[in-house]
Every structure is written in structure tokens, then in C-alpha cells.
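Enquirer:
Residue numbers (this note's numbering): 49 to 353.
(1) Rounded to whole angstroms, what is the Cα-Cα separation between residue 93 and residue 62?
(2) Hey, quick one: how far does the alpha helix (DSSP H) through residue 106 stretch, first residue to last?
(3) Assuming residue 146 and residue 278 are in contact, meaning their beta carbons sit under 8 Å apart, how far apart are those beta carbons, in whole angstroms?
(4) Within its chain, find whatever has a CB closer than 6 Å to the CB of residue 173; leave out the 5 residues flanking it on each side and keep chain order.
(5) Can residue 219 and residue 285 be called in contact, C-beta distance under 8 Å?
(6) Could you give the first and the last residue of the continuous beta strand (DSSP E) run that contains residue 88?
(7) Round the Cβ separation of residue 135 and residue 156 to the nearest angstrom and send it over; I've been treating them as touching at under 8 Å.
(8) For the beta strand (DSSP E) that residue 236 lies in, which residues bound it at each end?
(9) Are at least three pairs of beta-carbons, each pair with one atom in the segment 294 to 312 and one in the segment 189 to 204, less than 8 Å apart?
(10) Out of curiosity, what's the CA-to-CA distance linking residue 210 and residue 66?
(11) Pull up the distance between the alpha-carbon of residue 300 and that of residue 230, whole angstroms please.
(12) Taking the alpha carbon of residue 334 as the reference point, which residue from 260, 267, 304, 185 has its own alpha carbon closest?
(13) Kindly indicate which residue of 86, 215, 242, 162 has the alpha-carbon position closest to the one of residue 306.
(14) Cα separation between residue 133 and residue 282?
(15) Counting only runs of 4+ residues fully inside the segment 235 to 278, write out the alpha helix (DSSP H) ranges in chain order.
(16) How far does the alpha helix (DSSP H) with residue 54 in it extend, from its first residue to its last?
(17) When DSSP builds the beta bridges, which residues end up paired with residue 28?
(18) Can you give me the C-alpha to C-alpha distance between residue 363 and residue 343, rounded to a whole angstrom?
(19) Tell me which same chain residues have a C-beta within less than 6 Å of the C-beta of residue 89, skipping the five on either side of it?
(20) Taking C-beta to C-beta, are residue 111 and residue 137 nearer than 8 Å?
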């Protein structure tokens, strides 16, 4: 198992993503290098109050520990007590314009090291994905995002996209609201089938296609005129994003339980959010259209434009 190659890839991916996003926004991302007393650390690249992104973060972390936290052993109790290390890149972009969707990307690798005695092997797996969360939906945006996700996975099997799309729909679902977080994308975890090189290549394929998936959508929507009504609805829907990340997201829980950099873990939260009591949009409004047309399971690849 070659830990060096994934680390070098994740660092390079972070640098490439930041360079592209800085060119789009026109403002630089800050840099925060941090370390954990237990081992490892990371580099957080965060932009706040930008020209295009109200908040954006592209974080690299490579953390280590002597004992896996509960969130990592809930489905793998046989790994409890093992030394471990985890590394990857996590990106969240909250654009200022309500017509531009929020987007999330994560690619990661995890390893649980074998005890010194006993003849057991190290256990490793990859995970990740990307998903899109619009406030005002457009069919062409959702179709483009899903087609790019499909193309990223195509070299690894014809059934991969359908499998990982379904996994994404199931994972990014707010059970207490009975609604999805957005229009989905792809999500995978515990990927170890087919050998290390194949799993690493698939993970790289997802990371390398993120800008292809998102940049055209951003270019189409970033200059669409908007007013206070749209900003108000954006802030309300951002509340759902916060609820998912703080209540259901395993990555957030793992980061906090493993004593990671709290500011880096919570950079995924939007800067301006609103909640209302038992509110529903006016029937027939553009806001209602998000619920009826986009917050529902759809086969976006079958949509015709």
C-alpha cells in the first residue's frame, strides 16, 4: 500500500482547485496550516466574502491516530483499537448569487494499520463523491452535472454511475425533513474492490472531473440578476445544508471525534442562514418549483433538453 502517491495527488488536486477558483473569484484564498497533537494535520484554503463565493473552502488533511474513533468503527467493529490514518481533499462552495448552486466535493483514503503481532494485514479503502445543491433549479445544470459524473466513472464499469448515484441520493437525505439535500451526484465509500491501483484511479477520476462538472454551471448563472427575495430564499434553504452537515454527515462527525481542526471541519457551513417555523413557498412560485421539480428522485441522464 503506497501512502505517498495518494498524498501527493490530494495536495496537487487542492492546489489546482484553488488556483482555478481564485481566477474565477478574483480574490485569494487564505492559507491555514494546522497540526493535531495526536498526529498529522492539514492545510485549509478558505475564502470568505469573495466576489463570487460568499464562502469557499478547499481543505487538505492527513491525520493519524492510535485508536479509531467510534464513527469509523460503527460498521467495522473488527477494526476497533487499530492505529489509523486518513487523508483527502474536501471542498464546499457557497456562491453569493442564489441562482448558482452550492456544491460539495470530497475524495479521501483511509487506512487502519495491522497490529504488530497476529499476522493481520492493513485495511484500506477510498471514498468520495460530489453533489449539487441548487436554490433555483435548472434542468440543464442538473443534467450537465450528472453527465459529467457518469463520464468520470465510465472507465470503471457501466454500472458504476447508477450505483453511486443511488448511494448519493440515499446518503444526502435529511431523514427528519423527508427530503434530499439537493439534486445529488455521486457518492462512494469503503472502495477496495479490484485492488489499490484501480480504486485510487477511480478516486482520481472523480476529483479530476469536478471542475468540468461545476465550472460551466457557475459561468452560466453567476451574473443572473437577483434581489432580496432570492437571497432570502437562499438563506432559508441553506439551513437545510447546515442541518444535514451537523446532524447526519459522517465526515463532520469523524472530524470532530478525531480532534481535527474545528474551523476547517465547519468551513462547510454557509455564512448567512435563516430558519422559519413551518414555512412553505407560495404554490406556483419559482421557490415552490425547487421542491416539486428538483427535490425529488429523478433520472437526470434520461432528461431531454
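Where is the CB? At the ideal position from N, CA and C, for every residue including glycine. Predicted, not measured: the structure shown is a model, and the values here were computed from it.
Expert: Well, looking at it:
(1) Taking the chain shown and counting its residues from 1, one reaches residue 93 at position 45. Taking the chain shown and counting its residues from 1, one reaches residue 62 at position 14. In this structure, the CA atom of residue 93 is about 8 Å from the CA atom of residue 62.
(2) The residue labelled residue 106 in the question sits at position 58 within the chain shown. Counting along the chain, residue 106 sits inside no alpha helix (DSSP H); it lies in the beta strand (DSSP E) bounded by residues 101 to 113.
(3) Here residue 146 corresponds to residue number 98 of the chain shown, with the count starting at 1. Here residue 278 corresponds to residue number 230 of the chain shown, with the count starting at 1. The distance from the Cβ of residue 146 to that of residue 278 is about 4 Å, consistent with a contact at the 8 Å cut-off.
(4) In the chain shown, the residue the question calls residue 173 occupies position 125. So the list reads 158, 238, 239, 240, once near-sequence residues are dropped.
(5) Position 171 of the chain shown, counting from 1, holds the residue named residue 219. Position 237 of the chain shown, counting from 1, holds the residue named residue 285. Taking 8 Å as the Cβ cut-off, residue 219 and residue 285 do not qualify as a contacting pair.
(6) As a first step, residue 88 is located in the chain shown; it is residue number 40 there, counting from the start. That run of the beta strand (DSSP E) goes 88 to 96.
(7) Taking the first residue of the chain shown as position 1, residue 135 is located at position 87. Taking the first residue of the chain shown as position 1, residue 156 is located at position 108. 7 Å between Cβ atoms; contact.
(8) Indexing the chain shown from 1 puts residue 236 at position 188. It spans 232 to 239 - the beta strand (DSSP E) in which residue 236 sits, taken as one unbroken run.
(9) Segments in contact, no.
(10) In the chain shown, residue 210 corresponds to position 162, counting from 1. In the chain shown, residue 66 corresponds to position 18, counting from 1. Each residue's Cα considered, the two are about 30 Å apart.
(11) By 1-based counting over the chain shown, the position of residue 300 is 252. By 1-based counting over the chain shown, the position of residue 230 is 182. Distance from the CA atom of residue 300 to the CA atom of residue 230, rounded to whole angstroms, is 18 Å.
(12) As a working note, residue 334 is residue 286 in the chain shown. Ranking 260, 267, 304, 185 by Cα distance to residue 334 puts 185 first.
(13) As a first step, residue 306 must be located in the chain shown, where it is residue number 258. Residue 306 has its Cα closest to that of 86, out of 86, 215, 242, 162.
(14) Position 85 of the chain shown holds residue 133. Position 234 of the chain shown holds residue 282. Rounded to the nearest angstrom, the two C-alpha atoms are 37 Å apart.
(15) You should have 244 to 256, 258 to 269.
(16) Your numbering for residue 54 matches position 6 in the chain shown. Residue 54: member of the alpha helix (DSSP H) spanning 52 to 73, first to last residue.
(17) For the chain, the structure presents residues 49 to 353; residue 28 sits outside this window and is missing.
(18) Examination of residue 363 is not possible in this model, given that the chain is present from 49 through 353 alone.
(19) The residue you call residue 89 lines up with position 41 of the chain shown. Cβ within range, chain order: 82, 83.
(20) By 1-based counting over the chain shown, the position of residue 111 is 63. By 1-based counting over the chain shown, the position of residue 137 is 89. Not in contact: residue 111 and residue 137 (Cβ atoms no closer than 8 Å).
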